[in-house]
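In the working numbering, each residue carries its 1-based index in the sequence shown increased by 53. Ideal Cβ placement from N, Cα and C applies to all residues, glycine included. Taking it in order: structure first as structure tokens, then the write-up.
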Amino acid sequence: MKYVKGWYLPDSDTHFENYIENGGYQTIHRETILKYIKMKKPELKNCIDIGSHIGFWSKDFTNTFKHTYAFDPIPQVRECYVKNITNKNYTLYPYALGREESKKMFLYSPSETGNTHANDKGNLEVTIKTLDSFALDNIDYIKIDAEGYEIEALIGAKKLIEKCKPFIHIEAKNKVMIKQNITMKDINDYFESINYEQVLSVKSELLYAPK
Numbered sequence: 054m055k056y057v058k059g060w061y062l063p064d065s066d067t068h069f070e071n072y073i074e075n076g077g078y079q080t081i082h083r084e085t086i087l088k089y090i091k092m093k094k095p096e097l098k099n100c101i102d103i104g105s106h107i108g109f110w111s112k113d114f115t116n117t118f119k120h121t122y123a124f125d126p127i128p129q130v131r132e133c134y135v136k137n138i139t140n141k142n143y144t145l146y147p148y149a150l151g152r153e154e155s156k157k158m159f160l161y162s163p164s165e166t167g168n169t170h171a172n173d174k175g176n177l178e179v180t181i182k183t184l185d186s187f188a189l190d191n192i193d194y195i196k197i198d199a200e201g202y203e204i205e206a207l208i209g210a211k212k213l214i215e216k217c218k219p220f221i222h223i224e225a226k227n228k229v230m231i232k233q234n235i236t237m238k239d240i241n242d243y244f245e246s247i248n249y250e251q252v253l254s255v256k257s258e259l260l261y262a263p264k
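Have a look at this one:
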């Protein structure tokens, strides 16, 4: 573990230290999305951070929401998350999320730890859970950065979404979508099927809300 510009990172990661600015990584994205959510819903309860990595987004979440439920299957980044998040109003789970419970191989890149993704030829076996299996409640916002696995994770959260109707925020980078054979039509079709619409975009970060 190393300390770079106010953040703990895995020793092997050489990617993120080039992108960390004052306040962390993706600062403008985070501030814009949270400002919008707080404007629309001033009294916020709990949130979910899927693909929480070392806590770049969770750090602000723990200052904004009553409780943050974070998920990341990679031990090296979870160790850094615990060091980076000084507030105690979070629960960190060592799982990836999908449409059903299973085991999957993930490709973990030590030099670019944020690029970890499901891959049949991967180097790390990961436990997949469904979000619904945790029976979480009072969820106002879900953020998902799952490297192309976002819709799979949301399918496993059907009951939670129907009950809580949270804001849903996904990352949709072109290079990831191409690699995972996903199109914007796939994403839009999914959100249309649950009666959600896009309400905000900040570069590749997309925010959806119930119609």
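Check residue i in the structure and name its three-state DSSP category.
i, result
"Asn234", "coil"
"Asp173", "coil"
"His106", "coil"
"Tyr78", "coil"
In whole angstroms, what is the alpha-carbon distance linking residue i and residue j?
i, j, result
"Ala262", "Val255", "15 Å"
"Phe114", "Gln251", "21 Å"
"Asn176", "Ser65", "16 Å"
"Thr246", "Ser105", "First, the amino acid is wrong: residue 246 is Ser here, not Thr. If you take the alpha carbons of Ser246 and Ser105, they lie about 26 Å apart."
"Leu253", "Ile86", "8 Å"
"Asn137", "Arg152", "30 Å"
"Tyr89", "Tyr122", "21 Å"
"Tyr134", "Tyr148", "14 Å"
"Tyr273", "Lys226", "Residue 273 lies beyond the stretch modelled for the chain, which goes from 54 to 264, so this question has no answer here."
"Leu97", "Lys119", "7 Å"
"Leu189", "Leu213", "7 Å"
"Tyr50", "Gly59", "Any answer about residue 50 is impossible in this case: the structure gives the chain only from 54 up to 264."
For the putative contact between residue i and residue j, defined by C-beta atoms under 8 Å, what is the C-beta separation to the nearest angstrom?
i, j, result
"His222", "Ile192", "Contact doesn't hold; Cβ gap of about 12 Å is too wide."
"Phe258", "His68", "Looking at the sequence itself, residue 258 is Glu, so the reference to Phe does not match. Actually they do not touch by this definition, with Cβ atoms about 18 Å apart."
To which residues does DSSP link residue i through a beta bridge?
i, result
"Glu250", "Ala262"
"Met158", "Glu178"
"Cys100", "Thr121 and Tyr194"
Among the candidates the options, whose CA atom is the shortest distance from the CA of residue i?
i, options, result
"Leu184", "Leu160, Glu154 and Gly201", "Glu154"
"Lys157", "Phe118, Lys55, Asn116 and Ile181", "Ile181"
"Asn142", "Lys216, Cys133, Tyr161 and Asn116", "Asn116"
"Val179", "Leu145, Asp125 and Cys133", "Asp125"
"Lys238", "Asn71, Ile208, Ile204 and Leu213", "Ile204"
"Ile103", "Ile90, Leu62, Gly201 and Tyr72", "Gly201"
"Pro163", "Lys218, Thr139 and Ile127", "Ile127"
"Thr139", "Pro219, Tyr61, Glu70 and Asn99", "Tyr61"
"Phe187", "Tyr194, Ile195 and Ala210", "Ala210"
"Trp110", "Pro219, Tyr249 and Glu84", "Glu84"
"Glu224", "Tyr146, Leu207 and Glu215", "Leu207"
Under 8 Å, Cβ to Cβ, is there at least one residue of chain D near residue i?
i, result
"Glu165", "Among the chains of the structure shown, chain D does not appear; only one protein chain is present."
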